[in-house]
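Only one structure is covered here, and it is reproduced in the block below.
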């Protein structure tokens with residue numbers, strides 16, 4: 284029986300450096316920071332060698348930001364594993380089972396078979412239509428993707 288491989292070492296915390304010059308652009312207010320020690324400072328043209336200390340924010344574990352930086356970023360507002368609900372007025376909220384039940388209660392939905400789920404293609408034309416509809420209406424999604432038939436318009 285072979286022993287399992289040892290776990291990988293924890294990622295090292297990233298180090299940041301500032302200019303060590305006391306010239307006017309950099310004096311006591313480092314405007315430029317790098318993770319490459321010795322890089323010439325764009326402001327003072329001196330080597331950036333003074334290591335800066337990371338101060339974690341409230342509720343953030345020390346080193347958490349450095350670990351997050353090591354992960355590839357996908358960017359954007361929407362995260363991979365979370366489902367989001369886009370409301371008719373284009374507000375975006377994280378979706379969960381509880382929030383779905385609360386939403387059904389809020390709109391007094393008695394018969395779930397009356398609900399409809401739509402998957403739509405969102406290209407440049409649709410984006411422009413959504414932007415225009417959002418200026419004129421509180422039911423932009425319905426106006427653009429369901430031919431403008433919304434509950435607000437029926438009442």
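Residue numbers (the numbering used here): 284 to 438. Think of the CB as a built atom: it goes at the ideal place given N, C-alpha and C, for glycine as much as any other residue.
Under 8 angstroms between C-beta atoms of residue 303 and residue 325: no
Cβ shell of residue 378 (< 7 angstroms), same chain only, five flanking positions each side left out: 366, 367 and 368
8 angstroms Cβ cutoff met for residue 332 and residue 316: no
Continuous beta strand (DSSP E) stretch holding residue 302: start and end: 299-302
Environment of residue 301 [buried if 16+ CB atoms lie within 10 Å]: buried
Residue burial classification, residue 426 (beta-carbon count within 10 angstroms, cutoff 16): buried
Cut-off 7 angstroms between Cβ atoms - residues of its own chain near residue 401, not counting five sequence neighbours on either side: 428
Spatial neighbours of residue 351 in its chain, beta-carbon cut-off 8 angstroms, leaving aside the 5 residues before and after: For residue 351, the predicted structure reports a pLDDT of 49, less than 50, and the residue's modelled location is therefore unreliable. A value from the coordinates is still provided. Cβ within range, chain order: n/a, list empty.
Counterpart residues of residue 335 in DSSP-defined beta bridges: 299
For residue 293, three-class secondary structure by DSSP: coil
Straight-line gap, residue 422 to residue 374 (C-alpha atoms, nearest Å): 11 angstroms
Residue 294 burial status per 10 Å Cβ neighbour count (16 or more: buried): exposed
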